[in-house]
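J.: So that we are looking at the same thing, I have put the structure below in structure tokens.
Protein chains: 2
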Amino acid sequence: MEIVFNPPRAEWERYFSRRSADDDTISAGVARIVERVREEGDDALYALAESVDGVKLPFIEVPPAVRAEALSRVPEQLKASLRTAADNIRRFHEAQRHADVDMETMPGVRCVQRPVPIGRVGIYVPGGTAPLVSTVLMLGIPARVAGCGEVVLCTPPARNGYVVPEIVYAASLCGIDRIFLAGGAQAVAAMAYGTMTVPPVDKIFGPGNRYVTRAKQMLSVSQVAIDMPAGPSEVMIMADDTAVPAYTAADMLSQAEHGTDSQAILLCSSRSQAEQVRQQVIRQLEDLPRREQAQGSLQRSHIIVMDDRREMVDFANGYAAEHLIICMEDPWEVAGAITCAGSIFIGNFSPESAGDYASGTNHTLPTAGWARSYSGVNLDSFMKKITIQELTPDGLASLAGTITGIARAEGLEAHARAVDVRMSGATDRDK
Amino acid sequence: MEIVFNPPRAEWERYFSRRSADDDTISAGVARIVERVREEGDDALYALAESVDGVKLPFIEVPPAVRAEALSRVPEQLKASLRTAADNIRRFHEAQRHADVDMETMPGVRCVQRPVPIGRVGIYVPGGTAPLVSTVLMLGIPARVAGCGEVVLCTPPARNGYVVPEIVYAASLCGIDRIFLAGGAQAVAAMAYGTMTVPPVDKIFGPGNRYVTRAKQMLSVSQVAIDMPAGPSEVMIMADDTAVPAYTAADMLSQAEHGTDSQAILLCSSRSQAEQVRQQVIRQLEDLPRREQAQGSLQRSHIIVMDDRREMVDFANGYAAEHLIICMEDPWEVAGAITCAGSIFIGNFSPESAGDYASGTNHTLPTAGWARSYSGVNLDSFMKKITIQELTPDGLASLAGTITGIARAEGLEAHARAVDVRMSGATDRDK
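So the sequences go chain by chain: A and B.
So for the first sequence, our numbering puts the first residue at 985; every next one is plus one.
So for the second sequence, our numbering puts the first residue at 985; every next one is plus one.
Now the structure itself:
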């Protein structure tokens, strides 16, 4: 990892730009898979599981007996951990509930904003060697708190053709009892269009590889809503000499182990601190199981020494990190100046992994600079805000001139007449 | 307009499906325009204004003197109407502000959700024969209430090459003083990438034709956030015999005058009511300026008689209308059963035009069935919810087993070690 000293602002842009995934090469293949699932439904899911995943699916929807058996295979200690995490996530998302807005903008003009849960949501949980059990909680718990009527979970089959037990348990903590074995672009298509077995949904959540991401993007144009654009995970750490180098190094490696696409950037206040962290990273890397993935990521990572605290804030806002760790004096004051970040971690005892798994905040966060424009997944992601208005005759009368004036300025005469007809007082006009 | 009687549920789907715009034919052309603006910046805007709009732009950014002159040409009465509308919109969006969520999920584990305004937003206001002045207010007012730092407004030049005066005035009511003359896909590209003159933004709002919509979709994949998928406007009216046929007809025509792509669907409770409304539509259509556009739309519209109130509600939720007017007994009870709609209008004195212009609710609403998954534009559309967590040493200690347990179940050892290193109590580990 290079150490850089006070880079001039003119050079900051090169640190902000993320490597963009080359999606075009896979678009045609993803489109074919999506079309096939749309036309052939379940048959396509069975066929693609075999050709793509090398698995002969015993079923698409996991039967109750299989789920029950899977639950019995989850170690008690892991069950307890998942319950603790689920409780915190639930409490934080429940705290996000708010009442209807219900007020009069003028006498006789009542306006309401009412949150209503999205009816049917789909959650995609990637498979692979170590499935992301935490993702089930991060998406399933807020769906339940929001009151979504139907929650569909798709996950690729494990090697034996069955479902990963931990995923079944985590799903049960969210009240999800419909689990479907499907992966990749075909799972996204199944949830978007529905098949004989998989219900169609109104919004799809969840991380995934390039194929999953591309399928979500394609289908979000006209078929189904999605949570947010996806990209490789990243962390930025802002540290002064109140930070502990061993902790900082551990946080950078925590991010790096995700893989070569991940990125960790440290902004720190002194050369000596930069050197200490770098030493710690080298030392801690030695006996890390995912050392190779981490090394690949560290080559793309940076340690930047900045003298000026205000510069650090501006740099952090320009980068717009998915995760931002602040280990500095007056950290809440620094956080107050942050306008672009997915989730912020304050102090020496708030490792990113706390938020990834159990503090209660949501770990589905905007990457690739999208933190400039997007929120992480939260309770509102599972809701729609419907507005309602009711005008009394007097309320409409007081607004009549305003409405008709603007309508006519826009050349929309019938819009004006819809007010005039009511103002004319005729309730049984010529029939 | 056909009158249909109690269609069986098996046939409802044909009423729910919207005509989908054929976007693919224009994608290549839009991509070329976008690329040209990205590479040539202002030069492309001047060139495209000439070749596409037939206008020789005098400037891209409207100078203060030109804006001041334009303001003087807006009739006083229209200014007053726009101020009244702006005040109501402002009040309703101010009422949507809420405080940070700030709580402990467990002792020593503090979690915060903080709304922060998006820094730079772009508003596109289509031009044409009658520019949508109201759109300036609907997007500009919430941007100001949210506290967005920079608001950029793009609108095509009027025929004389200058800007529409009413747009300048509406913009001034929103505190927007940067207006750029650009239209179509090139305006969207300019705001997404920035040019020498047009600042880049983090999110683009605003309606537009197929080219604008396609450019927004394309650029939302990796460049800029957008408000929502767009489509032709629509209204559904739920009416029993408490509704007034002349009013209902006026509301249907108000929607129909938008053009042949628009749709109006009436659900009513009796044949005689259906006939009365149809008669009123024919009568009111006679002297409507935009009669041809309205007739085209009415051919795609329906009057559906339904005996059962519950069936009406289910149908309305299945259709997921952009605008839903409820003129029935116990209308708020009906509204309480609605789960999919953009904005609801209650009672005989709440024409859709009230919401389009002045009640205070936002008129930028989900069409084409997207009301199943999307909210209309609201204050949160201009904000990001950043989460913050701070754990005390004891708070982390109580969660340590949970975090490391799940991290190891996911095969992410460094995530677990980021906790372990803090629990080991070593603050100055071997350097």
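Ideal Cβ positions, reconstructed from N, Cα and C, are used throughout, including at glycine.
Can you look up Tyr-1030(B) in the DSSP assignment and give me helix, strand or coil?
T.: Locating residue 1030(B) in the second sequence gives position 46, counting from the first residue. Three-state DSSP puts Tyr-1030(B) in a helix.
J.: Is there a C-beta anywhere in chain A that falls below 8 Å from the one on Ile-1160(B)?
T.: Taking the first residue of the second sequence as position 1, residue 1160(B) is located at position 176. No, its Cβ sits nowhere closer than 8 Å to a Cβ of chain A.
J.: Any C-beta of chain B sitting closer than 8 Å to the C-beta of Tyr-1153(A)?
T.: Taking the first residue of the first sequence as position 1, residue 1153(A) is located at position 169. Not an interface residue.
J.: Leaving out the 5 sequence neighbours to the left and right, which residues in its chain are closer than 6 Å to Ala-1400(B) when beta-carbon positions are compared?
T.: Residue mapping note: residue 1400(B) aligns to position 416 of the second sequence, counting from 1. If we look at Ala-1400(B) and ignore the five residues flanking it on each side, its Cβ neighbours are Thr-1388, Ala-1391, Arg-1392.
J.: Please report the straight-line C-alpha distance between Val-1172(B) and Gln-1283(A), rounded to a whole angstrom.
T.: Along the second sequence, read from residue 1 onward, the residue named residue 1172(B) stands at position 188. Along the first sequence, read from residue 1 onward, the residue named residue 1283(A) stands at position 299. Taking the Cα positions, Val-1172(B) is about 36 Å away from Gln-1283(A).
J.: Among all the DSSP beta bridges, which residues are the ones paired with Met-1087(A)?
T.: As a first step, residue 1087(A) is located in the first sequence; it is residue number 103 there, counting from the start. Met-1087(A) is bridged by DSSP to Cys-1095(A).
J.: Check the DSSP bridge columns for Phe-1189(B) and list the partner residues they point to.
T.: Working through the second sequence from its first residue, we reach residue 1189(B) at position 205. Ile-1107(B).
J.: Distance check for Gly-1133(A) and Gln-1268(A), CA to CA, integer angstroms please.
T.: Stepping through the first sequence from its first residue, residue 1268(A) is reached at position 284. Stepping through the first sequence from its first residue, residue 1133(A) is reached at position 149. Near 46 Å, if we compare the C-alpha coordinates of Gly-1133(A) and Gln-1268(A).
J.: Taking the C-alpha atoms as reference points, what is the distance between Gly-1320(B) and Asn-1193(A)?
T.: What you label residue 1320(B) is simply residue 336 of the second sequence in a count that begins at 1. What you label residue 1193(A) is simply residue 209 of the first sequence in a count that begins at 1. Those two C-alpha atoms are separated by around 40 Å.
J.: My assumption, with CB atoms under 8 Å, is that Pro-1149(B) sits in contact with Leu-1066(B). Please give the rounded CB distance.
T.: Working through the second sequence from its first residue, we reach residue 1149(B) at position 165. Working through the second sequence from its first residue, we reach residue 1066(B) at position 82. Rounded, the Cβ-Cβ distance is 11 Å, inconsistent with contact.
J.: From this set, Asp-1037(B), Gly-1344(B), Gly-1331(B), which residue's C-alpha is nearest Met-1122(B)'s C-alpha?
T.: For the purposes of this step, residue 1122(B) is identified with residue 138 of the second sequence, where counting begins at 1. Residue Gly-1344(B) is the option with its Cα nearest to Met-1122(B).
J.: Taking Tyr-1195(A) and Val-1039(A) to be in contact with their CB atoms under 8 Å, please state how far apart those CB atoms are, rounded to whole angstroms.
T.: One-based indexing of the first sequence puts residue 1195(A) at position 211. One-based indexing of the first sequence puts residue 1039(A) at position 55. Contact annotation, Tyr-1195(A) with Val-1039(A): C-beta distance approximately 16 Å; criterion of less than 8 Å not satisfied.
J.: When the Cα atoms are used, what is the spatial distance from Tyr-999(A) to Tyr-1341(B)?
T.: The residue given as residue 999(A) occupies position 15 in the first sequence. The residue given as residue 1341(B) occupies position 357 in the second sequence. So the two alpha carbons sit approximately 45 Å from each other.
J.: Identify, in the order they occur along the chain, each residue of the same chain with its Cβ nearer than 6 Å to the Cβ of Ala-1142(A), setting aside the five sequence neighbours on each side.
T.: Stepping through the first sequence from its first residue, residue 1142(A) is reached at position 158. Only residues of its own chain outside the window of five on either side were considered, and among them Val-1148 have a CB closer than 6 Å to the CB of Ala-1142(A), listed in chain order.
J.: Using a C-beta to C-beta distance shorter than 7 Å, which residues of chain B count as neighbours of Thr-1323(A)?
T.: The sequence position of residue 1323(A) within the first sequence is 339, counting from 1. Going along chain B in sequence order, the residues near Thr-1323(A) (Cβ under 7 Å) are Val-1100, Gly-1103.
J.: Compute the distance between the beta-carbons of Ala-1223(A) and Gln-1257(A), then report whether it is under 8 Å.
T.: If you number the first sequence from 1, residue 1223(A) lands on position 239. If you number the first sequence from 1, residue 1257(A) lands on position 273. Yes; because the gap between Cβ atoms is below 8 Å, this pair is in contact.
J.: Only counting the same chain, and skipping five residues up and downstream in sequence, which positions put a Cβ closer than 8 Å to that of His-1242(A)?
T.: Within the first sequence, residue 1242(A) is the residue found at index 258, counting from 1. So the qualifying residues of the chain are Pro-1216, Ser-1217, Gln-1277, Ser-1281.
J.: Throw me the rounded Cβ distance for the Met-1212(B) and Tyr-1358(B) pair, which I believe falls under 8 Å.
T.: Residue 1212(B) sits at position 228 when you count from the first residue of the second sequence. Residue 1358(B) sits at position 374 when you count from the first residue of the second sequence. The pair is a contact, with the Cβ atoms about 5 Å apart (cut-off 8 Å).
J.: Where does Ser-1327(B) fall in DSSP's three states?
T.: Taking the first residue of the second sequence as position 1, residue 1327(B) is located at position 343. In this structure, Ser-1327(B) counts as strand in the three-state DSSP scheme.
J.: Are at least three pairs of beta-carbons, each pair with one atom in the segment 1041–1051 of chain B and one in the segment 1088–1104 of chain B, less than 8 Å apart?
T.: no
J.: Does the pairing of the segment 1057–1065 of chain B with the segment 1325–1337 of chain B give three or more beta-carbon distances under 8 Å?
T.: no
J.: By the three-class DSSP mapping on this structure, what secondary structure does Pro-1101(B) have?
T.: Working through the second sequence from its first residue, we reach residue 1101(B) at position 117. Here Pro-1101(B) sits in strand by DSSP.
J.: Is there at least one Cβ from chain B nearer than 8 Å to Pro-1131(A)'s Cβ?
T.: In the first sequence, counting from the first residue as 1, residue 1131(A) sits at position 147. Looking at the sequence provided, one finds Gly at residue 1131(A) rather than Pro. So, not an interface residue.
J.: If you count every other CB in all the chains shown that lies within 10 Å of the CB of Ala-1338(A), and 16 or more means buried, which is it?
T.: The residue labelled residue 1338(A) in the question sits at position 354 within the first sequence. Around the C-beta of Ala-1338(A), 16 or more other C-beta atoms lie within 10 Å, and the residue is accordingly described as buried.
J.: Please report the residue range of the alpha helix (DSSP H) in which Arg-1297(A) lies.
T.: If you number the first sequence from 1, residue 1297(A) lands on position 313. Checking the displayed sequence, the identity of residue 1297(A) turns out to be Val instead of Arg. Where Val-1297(A) is concerned, the enclosing alpha helix (DSSP H) stretches over 1293–1303.
J.: Using a Cβ-Cβ cut-off of less than 8 Å, list which residues of the segment 1022–1052 of chain B approach chain A; keep chain order.
T.: none
J.: Listed in chain order, which residues of the segment 1215–1239 of chain A have Cβ atoms closer than 7 Å to some Cβ of chain B?
T.: Identification of residues in the segment 1215–1239 of chain A having a C-beta nearer than 7 Å to some C-beta of chain B yields Val-1228, Ala-1230, Tyr-1231, Ala-1234, Asp-1235, Leu-1237, Ser-1238, given in sequence order.
J.: Along the segment 1063–1091 of chain B, where does the CB come closer than 7 Å to a CB of chain A? Name the residues.
T.: Flagged, chain order: Ser-1065, Leu-1066, Thr-1068, Ala-1069, Asn-1072, Arg-1075, Phe-1076, Ala-1079, Gln-1080, His-1082, Val-1085, Met-1087, Thr-1089, Met-1090.
J.: Classify Asp-1414(B) as buried or exposed, calling it buried when 16 or more other Cβ atoms lie within 10 Å of its own Cβ.
T.: As a working mapping, residue 1414(B) is identified with position 430 in the second sequence. Reliability fails at Asp-1414(B), whose pLDDT of 42 lies under 50, so the model's placement of it is uncertain and the value that follows must be treated cautiously. With fewer than 16 Cβ atoms within 10 Å of its Cβ, Asp-1414(B) is classed as exposed.
J.: Measure from the C-beta of Lys-1200(B) to each C-beta in chain A and report whether the shortest distance is under 8 Å.
T.: For this step, residue 1200(B) is matched to residue 216 along the second sequence. Chain A, which has no Cβ nearer than 8 Å to the Cβ of Lys-1200(B), makes this no.
J.: Determine which residues of the segment 1324–1346 of chain B have a Cβ less than 8 Å from any Cβ of chain D, and write them out in chain order.
T.: In the structure shown, chain D does not exist; the protein chains are A and B.
J.: From Val-1219(A), Ile-1221(A), Ile-987(A), Gln-1170(A), pick the residue whose C-alpha is nearest to that of Lys-1200(A); which is it?
T.: Here residue 1200(A) corresponds to residue number 216 of the first sequence, with the count starting at 1. That would be Gln-1170(A), whose Cα lies nearest to the Cα of Lys-1200(A).
J.: I'd like to know whether the C-beta atoms of His-1307(A) and Val-1219(A) end up nearer to each other than 8 Å.
T.: Translated into positions along the first sequence, residue 1307(A) becomes position 323. Translated into positions along the first sequence, residue 1219(A) becomes position 235. Yes, the Cβ-Cβ distance between His-1307(A) and Val-1219(A) is below 8 Å.
J.: Got a sec? Which residues, its chain only, sit under 8 Å from Asp-1412(A) by beta carbon, not counting five neighbours each side?
T.: Counting from one through the first sequence, the residue named residue 1412(A) turns up at place 428. Confidence in Asp-1412(A) is poor, its pLDDT being 47 and thus under 50, which makes the residue's placement too unreliable to answer from.
J.: Run through chain B and tell me which residues come within less than 9 Å of Gln-1283(A), C-beta to C-beta.
T.: Working through the first sequence from its first residue, we reach residue 1283(A) at position 299. Chain B residues near Gln-1283(A): none, gap ~16 Å exceeds 9 Å.
J.: Could you list which residues in chain B have their beta carbon closer than 7 Å to that of Cys-1095(A), in chain order?
T.: For the purposes of this step, residue 1095(A) is identified with residue 111 of the first sequence, where counting begins at 1. Identification of chain B residues near Cys-1095(A) by a Cβ-Cβ cut-off of 7 Å yields Phe-1076, Ser-1343, Gly-1344, Thr-1345, ordered along the chain.
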